[in-house]
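Colleague: Residue 14 in the numbering used here is what sits at position 32 of the sequence shown, and the numbering runs on without skipping anything. Cβ coordinates follow ideal geometry from the N, Cα and C atoms, glycine included. Everything numeric in this text was worked out from a predicted model, so none of it was measured. Below: one structure in C-alpha cells.
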Amino acid sequence: MSLQPDFCEQRSILEEAIIKKGHIFERYPKFHCECNFIERYWGFAKRETRRICSYNFADLMRKVLEVLVGVPMTTIRKFARKSWRYMDAYNKGLEAE
C-alpha cells in the first residue's frame, strides 16, 4: 500500500497545517542529527542552562526559557551553516579520510 502513488503523494495532517500557515515543511533523515541545526541549538541551550542554573526546579524553568530566547541569531545561523555543510557533503558523496 505504501508504494501506491496516491498514498505516496498524500501529505500528513501536520504537513498540511504547516504549509497552510505559509511555512516550509522539511524532513530530515532519521539518525542524522548533524543534518538538523536544531540539535546543535538544543545542545547549546542545554550547556548554557547547566552552566547558569542553581539546580532548583523553579530556577531551572526560568533559566531554560531565558537561554532558549537568548541564543544569539548569529550563533543559530552558524549552526544552520554547519548542518548545511554536512548535507552538502552527503549529497556529494564525500567521505572522511
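Taking a contact to mean a Cβ-Cβ separation below 7 Å, would you say residue 69 touches residue 17 in this structure?
Modeller: Cβ atoms of residue 69 and residue 17: closer than 7 Å.
Colleague: Cβ atoms of residue -11 and residue 19: under 7 Å apart, would you say?
Modeller: no
Colleague: Anyone know if the C-beta pair for residue 30 and residue 49 falls short of 7 Å?
Modeller: yes
Colleague: Please return the same chain residues whose Cβ sits closer than 6 Å to the Cβ of residue -3, not counting the five positions on each side in sequence.
Modeller: The beta carbon of residue -3 lies closer than 6 Å to those of 7 in the same chain, with the five residues before and after it left out.
Colleague: Count the other CB atoms, across all protein chains shown, that sit within 10 Å of the CB of residue 65; report buried if there are 16 or more and exposed otherwise.
Modeller: buried
Colleague: Quick one, which of -15, 4 and 15 has its alpha-carbon nearest residue 72's?
Modeller: 15
Colleague: Indicate the three-state DSSP secondary structure (helix, strand or coil) for residue 65 in the structure shown.
Modeller: Looking at residue 65 - three-state DSSP - the assignment turns out to be helix.
Colleague: Comparing C-alpha positions only, which one of -1, 75, -7 and 28 sits nearest to residue 45?
Modeller: Nearest Cα to residue 45 within the set -1, 75, -7 and 28: 28.
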